[in-house]
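Some notes on the structure that comes next.
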């Protein structure tokens, strides 16, 4: 029977795979941000940085090949294994991962997350796009690997968080610097007593999926198809105590084809105030530009629901814009650069953490790409193979 039906939060030790420093130009040079935040210019730089950069695995090329496009990363990963470019850790552990960039710190535990289809302890907070779930599932199936950890947050850690901070006081097992100026350090926890303490404490918590909803949905789909195969009942994840090591929460902006400022001014429904120009300092605002002019929308009915949910539930239908053609952008400059007379850039503010948590606890999911939690774990420092 699959363990995916377990109703407690579980993060299990694993024998992680990693790159061998002497086989690549540098450990940082083979890593990458997650697939869904990679802009084309960055992909080119990372691809050129080292022949073994992870973008060569996580971004299969040539969509015209259909399912066959995933064969290339699968062959490449197999070649790296045979050549000893990547190796497996000698014994299972939970891995303490710390990333420092500027004043931001990401710190938590990496391991194999027990899946929770019932949504009792692993709580999604935003919707997914089926084609991206299919894409990540096909890549997992072809490579037989979890290449990118998802990111989860919980609150009020005790023994688990103490173990994380204790490990960080010693010499790291792995150190890497990346092109964005970040330093990454990893320690191992393999003491059975400490692992038991961590397991016992985590079982009293639930956790919010902060980043990786599509990958988590692909984990669930893999387990649904192969429930009796060992290893499908878990997926690679990083778990952060948000009280002790808070994550940042940023918005994801939109570009909406067919949306004009005239439409916004004439068809915005009651309950919203349309203000001229880009007004800053207004809580829960939405600012819209055609690349030349701006308008700002503010709800007049009080704000409990995150603004991004109201955009998709109230405003876009009122404007009659095609939802399937919207594009998503982490950087506002990227969105504004695409704005024009026949398509508008929509600037959002990040939901508050309490809004996200309350939505998740009620079982309400926000629209896809509603939030951007960070910093995000770097891809390629640790990954998981099923066989």
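Residue numbers (the numbering used here): 2 to 388.
Note that the Cβ used here is the ideal one computed from N, Cα and C, for glycine as well.
Original post:
Is the distance from the Cβ of residue 111 to the Cβ of residue 246 below 8 Å?
Top reply: Not in contact: residue 111 and residue 246 (Cβ atoms no closer than 8 Å).
**OP:** Identify, in the order they occur along the chain, each residue of the same chain with its Cβ nearer than 6 Å to the Cβ of residue 75, setting aside the five sequence neighbours on each side.
**Re:** Apart from sequence neighbours up to five positions away, the residues of its chain that approach residue 75 with a beta-carbon distance below 6 Å are 143 and 144, ordered along the chain.
Original post:
Under a three-way DSSP split, which group does residue 268 fall into?
Top reply: Three-state DSSP puts residue 268 in a helix.
Original post:
So residue 62 is in the alpha helix (DSSP H); what residue range does that whole segment cover?
Top reply: In the DSSP assignment, residue 62 falls outside any alpha helix (DSSP H), carrying neither H nor E.
**OP:** Have a look at 218, 321 and 328 and flag the residue whose alpha-carbon is nearest the alpha-carbon of residue 253.
**Re:** Nearest to residue 253 by alpha-carbon distance, out of 218, 321 and 328, is 328.
Subject >> Segment limits, beta strand (DSSP E) that includes residue 20 >> reply: Per DSSP, residue 20 belongs to the beta strand (DSSP E) from 18 to 20.
Original post:
Helix, strand or coil for residue 4 per DSSP?
Top reply: In this prediction, residue 4 scores a pLDDT of 48, lower than 50, which makes its location untrustworthy; no coordinate-derived value is stated.
Subject >> Start and end residues, beta strand (DSSP E) containing residue 235 >> reply: Unbroken beta strand (DSSP E) run through residue 235: 235 to 242.
Original post:
Between the Cα of residue 163 and the Cα atoms of 97, 180 and 366, which residue gives the shortest distance?
Top reply: With distances taken between Cα atoms, residue 163 lies closest to 97.
Subject >> Nonlocal neighbours in the same chain, by C-beta distance under 6 Å from residue 390, ignoring five residues either side >> reply: Any answer about residue 390 is impossible in this case: the structure gives the chain only from 2 up to 388.
Original post:
Based on Cα-Cα distance, which residue from 121, 130 and 159 lies nearest to residue 326?
Top reply: When 121, 130 and 159 are compared, the shortest CA-CA separation from residue 326 is found for 130.
Original post:
When you compare only the Cα positions, how much space is there between residue 1 and residue 120?
Top reply: Residue 1 is absent from the structure shown; the chain starts at 2 and stops at 388.
**OP:** Give me the Cβ distance between residue 270 and residue 315, rounded to the nearest whole Å; I'm assuming they're in contact under 8 Å.
**Re:** Confirmed, Cβ separation roughly 6 Å.
Subject >> Residue from 31, 248 and 278 with nearest C-alpha to residue 180 >> reply: Checking every option, the nearest Cα to that of residue 180 belongs to 31.
Original post:
When burial is assigned at 16 or more other CB atoms within 10 Å of the CB, is residue 309 buried or exposed?
Top reply: Counting Cβ neighbours within 10 Å, residue 309 comes out buried, since at least 16 surround it.
Original post:
What span of residues does the alpha helix (DSSP H) with residue 81 cover, start to end?
Top reply: Per DSSP, the continuous alpha helix (DSSP H) segment holding residue 81 begins and ends at 72 to 83.
Original post:
Leaving out five residues before and five after residue 51 in sequence, what residues of the same chain have Cβ atoms less than 6 Å from its Cβ?
Top reply: Only 25, 26, 30 and 31 meet the Cβ criterion.
Original post:
What number of angstroms, rounded off, separates the C-alpha of residue 169 from the C-alpha of residue 251?
Top reply: So the alpha carbons of these two residues sit roughly 27 Å apart.
Subject >> Opening and closing residue of the beta strand (DSSP E) in which residue 330 lies >> reply: Run containing residue 330: 328 to 330, per the beta strand (DSSP E) assignment.
Original post:
From what residue to what residue does the beta strand (DSSP E) around residue 177 run?
Top reply: It spans 175 to 178 - the beta strand (DSSP E) in which residue 177 sits, taken as one unbroken run.
Original post:
Buried or exposed: residue 40, going by 16 or more other Cβ atoms within 10 Å of its Cβ?
Top reply: Exposed, because fewer than 16 other Cβ atoms sit within 10 Å of the Cβ of residue 40.
Original post:
Which ranges does the beta strand (DSSP E) cover as unbroken runs of at least 3 residues, wholly within the segment 81 to 161, from first to last along the chain?
Top reply: As far as the segment 81 to 161 is concerned, its whole beta strand (DSSP E) runs of at least 3 residues are 87 to 89, 95 to 102, 105 to 115 and 151 to 155.
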